[in-house]
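Comments concern the structure below.
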Amino acid sequence: EDQVTQSPEALRLQEGESSSLNCSYTVSGLRGLFWYRQDPGKGPEFLFTLYSAGEEKEKERLKATLTKKESFLHITAPKPEDSATYLCAVQAGSSNTGKLIFGQGTTLQVKP
Amino acid sequence: SQTIHQWPATLVQPVGSPLSLECTVEGTSNPNLYWYRQAAGRGLQLLFYSVGIGQISSEVPQNLSASRPQDRQFILSSKKLLLSDSGFYLCAWRVRGSYEQYFGPGTRLTVT
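Those sequence lines, one after another, are chains A and B. Take 42 as the starting number for the first sequence in our numbering and just add one per residue. Take 524 as the starting number for the second sequence in our numbering and just add one per residue.
Structure (C-alpha cells):
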C-alpha cells in the first residue's frame, strides 16, 4: 500500500535556528513528490516537485531534497513568517489520474 | 494566470440537510479536477476526481457525490449531511500532462 509519513508532527524553532522536516514514503513507482505549505484556514500552496533521487530544489530559505525512500525540507535561518504546516505528497506510478497521497503534515512554529 | 475559486468559504448546516459546494477554475481549459477533505489534525483525503465533463470517479464510498456540468466547474453535493461530513473541503486542479496540483481556498463545513 502506498504510504507517506511525515515527522516530526510539530516543530518549534527560534528565529534563525535551522532544521529539517522529514517525509518518508512507500510507493510503487514514484512519479513525483510534492511539498506544500498550508497556513491556518487556507488551501495548500504549492512549493516544490521532485521527480528522482538526488534532485534538489530551492526557494528562499527552503530547500527540498529527495532520496529513494524519503525527502527532506531544509529550512535555513527561519523567520516567524515561515510558521505554517508543511505537507508532503506523492503520486504513484500506477496512477494516471494524478491522485496524490498526503502525509499528515508537520506544523512549524518559528518564534522571534 | 490561473485562478481557482470555491464558495462558500464557510458553512454551518444541520444534520440531514442538503449540501452543494462549488469550485470553478479560470485561465485554463480541460483541467483535471479534484475534491479533497481535510479533517481536523489529519491529512488530505481524495474524495473525487474528474478528467472531463460528466466524468467522475469516486475514491471513497460515502455520503457525498460530485458532478462536473462544465469544463471548469466542479460541484460537491450531498442529499443528507451527517455529523461526520464536517471538515475542510478543498478543490484542486491540474493541467493535463503535468503533475502539480493547485488548490483553492477551501470551504469550512460544520455539520451540527
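Yeah, the Cβ is synthetic: ideal placement off N, Cα and C, and Gly gets one too.
Counting Cβ pairs closer than 8 Å, one from the segment 541 to 561 of chain B and one from the segment 101 to 109 of chain A, do we hit at least three?
no
A/F75 and B/G566: beta carbons closer than 8 Å?
Counting from 1 along the first sequence, the entry for residue 75 of chain A is found at position 34. Counting from 1 along the second sequence, the entry for residue 566 of chain B is found at position 43. Not a contact, by the Cβ cut-off of 8 Å.
What does the Cβ neighbour count give for A/V161, buried or exposed, with the cut at 16 atoms within 10 Å?
For residue 161 of chain A there is no data in the structure shown, the boundaries of chain A being 42 and 153.
Under 8 Å by beta carbon: chain B residues contacting A/P85:
Counting from 1 along the first sequence, the entry for residue 85 of chain A is found at position 44. Result: L567, L613, F626.
Can you tell me which residues form a DSSP beta bridge with A/S61?
Translated into the one-based positions of the first sequence, residue 61 of chain A becomes position 20. For A/S61, which the question treats as bridged, DSSP gives the partners A/H115.
Answer yes or no: does any C-beta atom of chain A fall closer than 8 Å to that of B/V535?
Within the second sequence, the letter at position 12 stands for residue 535 of chain B. So no, B/V535 is outside the interface.
Leaving out five residues before and five after A/L52 in sequence, what residues of the same chain have Cβ atoms less than 8 Å from its Cβ?
As a working mapping, residue 52 of chain A is identified with position 11 in the first sequence. S60, L62, T147, T148, L149, Q150.
Check distances from the C-beta atoms of the segment 569 to 585 of chain B to those of chain A and list, in chain order, the residues that come in under 8 Å.
L569, Y572, V574, S580, E582
Just list the beta strand (DSSP E) runs in the segment 540 to 607 of chain B, keeping only unbroken ones of 3 residues or longer that don't cross its boundaries, in chain order.
542 to 549, 555 to 561, 567 to 575, 578 to 581, 588 to 593, 596 to 601
Looking at the structure shown, is A/E50 part of a helix, part of a strand, or coil, going by DSSP?
The residue labelled residue 50 of chain A in the question sits at position 9 within the first sequence. Coil, per DSSP.
Strictly below 8 Å CB to CB, what residues from chain B border A/R72?
Within the first sequence, residue 72 of chain A is the residue found at index 31, counting from 1. In chain order: Y622.
Give me the subset of the segment 541 to 563 of chain B whose CB atoms are less than 9 Å from a CB atom of chain A, sorted by chain position.
N555, Y557, Y559, Q561
Quick check on the DSSP output: the beta strand (DSSP E) that includes A/A125 runs from which residue to which?
Locating residue 125 of chain A in the first sequence gives position 84, counting from the first residue. Residues 125 to 133.
Under 8 Å between C-beta atoms, does A/G134 make it to chain B?
The residue labelled residue 134 of chain A in the question sits at position 93 within the first sequence. False, the Cβ-Cβ gap to chain B never drops below 8 Å.
Between A/N137 and B/S621, what straight-line distance do the alpha-carbon atoms span, to the nearest angstrom?
As a working mapping, residue 137 of chain A is identified with position 96 in the first sequence. As a working mapping, residue 621 of chain B is identified with position 98 in the second sequence. Using only the alpha carbons, I get a separation of about 11 Å.
Would you list the one or two residues that DSSP bridges to A/K104?
Residue mapping note: residue 104 of chain A aligns to position 63 of the first sequence, counting from 1. BP columns for A/K104 point to A/E99, A/H115.
Hey, how far is the Cα of A/A118 from the Cα of A/V68?
Reading the first sequence from its first residue, position 77 is the one you call residue 118 of chain A. Reading the first sequence from its first residue, position 27 is the one you call residue 68 of chain A. Whole-angstrom Cα-Cα distance: 32 Å.
Is the CB-CB distance between A/A125 and A/R78 below 8 Å?
Numbered from its first residue, the first sequence carries residue 125 of chain A at position 84. Numbered from its first residue, the first sequence carries residue 78 of chain A at position 37. In this structure, A/R78 lies closer than 8 Å to A/A125 by Cβ.
For a test of the three-state rule: what should DSSP assign to A/E86, helix, strand or coil?
Residue numbering aside, residue 86 of chain A sits at position 45 when the first sequence is read from its first letter. A/E86: strand per DSSP, three-state reduction.
Cutoff 8 Å: B/G629 Cβ touching any chain A Cβ
In the second sequence, residue 629 of chain B corresponds to position 106, counting from 1. For B/G629, the answer is yes, since a Cβ of chain A falls inside 8 Å of its Cβ.
Nearest chain B C-beta to A/Q145 closer than 8 Å, yes or no?
Here residue 145 of chain A corresponds to residue number 104 of the first sequence, with the count starting at 1. Chain B contact via Cβ: present.
Along the chain, where does the beta strand (DSSP E) that runs through A/Y77 open and close?
Translated into the one-based positions of the first sequence, residue 77 of chain A becomes position 36. Run containing A/Y77: 71 to 79, per the beta strand (DSSP E) assignment.
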